[in-house]
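Report on the following structure.
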Amino acid sequence: MPTRRIILSGLALDARIGILEHERRATQPLHVDAEFDVDIKRSVDDHDIHSVLDYRRLREAIVEECTQAHVNLIETLSEQVAARLLADFQEIRSLRLRISKPMAFSDCAAVGVEIQITR
Numbered sequence: 001m002p003t004r005r006i007i008l009s010g011l012a013l014d015a016r017i018g019i020l021e022h023e024r025r026a027t028q029p030l031h032v033d034a035e036f037d038v039d040i041k042r043s044v045d046d047h048d049i050h051s052v053l054d055y056r057r058l059r060e061a062i063v064e065e066c067t068q069a070h071v072n073l074i075e076t077l078s079e080q081v082a083a084r085l086l087a088d089f090q091e092i093r094s095l096r097l098r099i100s101k102p103m104a105f106s107d108c109a110a111v112g113v114e115i116q117i118t119r
């Protein structure tokens with residue numbers, strides 16, 4: 001079956017994440033990149049958003065999951081976000097999710113975790 005890939009690139013948000021003491025006191029920026037493969041089961045109707053997986057809903061779920069509570073480890077957060085997306089969007093055949101902390105170190109652009117899941 002043919003698939004369509006939906007891409008969210010460079011989603012920037014502030015989250016409460018980190019196990020270190022200074023990370024527990026304030027939010028810090030996160031960057032999220034995600035790719036979603038969905039089966040193409042019907043033709044796209046250019047006048048009906050319901051004929052495709054609405055990327056606004058994917059973005060909303062990611063932001064909500066990343067900002068609802070403090071999480072110690074970025075690995076935990078990536079697994080929580082992936083689980084939420086797979087639970088909420090049955091259309092997703094596979095996903096690749098990268099969450100990074102751009103302010104973690106002064107000598108690199110970011111540090112992060114990437115997770116890939118196929119149903």
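Residue numbering for the sequence shown follows UniProt numbering, starting at 1 and increasing by one per position.
Virtual Cβ for every residue (Gly too), placed ideally from N, Cα, C.
query	result
Buried versus exposed, by CB contacts within 10 Å (16 or more), residue 60	exposed
Cβ distance (whole Å) where residue 31 is taken to contact residue 102 below 8 angstroms	6 angstroms
Residue 80 - containing beta strand (DSSP E), residue span	Premise fails: residue 80 lies in the alpha helix (DSSP H), 74-88, not in any beta strand (DSSP E).
Backbone secondary structure at residue 98 - three-state DSSP	strand
Nearest to residue 33 (by Cα), restricted to the options 119, 105 and 112	112
Cβ-Cβ distance between residue 91 and residue 38 below 8 angstroms	yes
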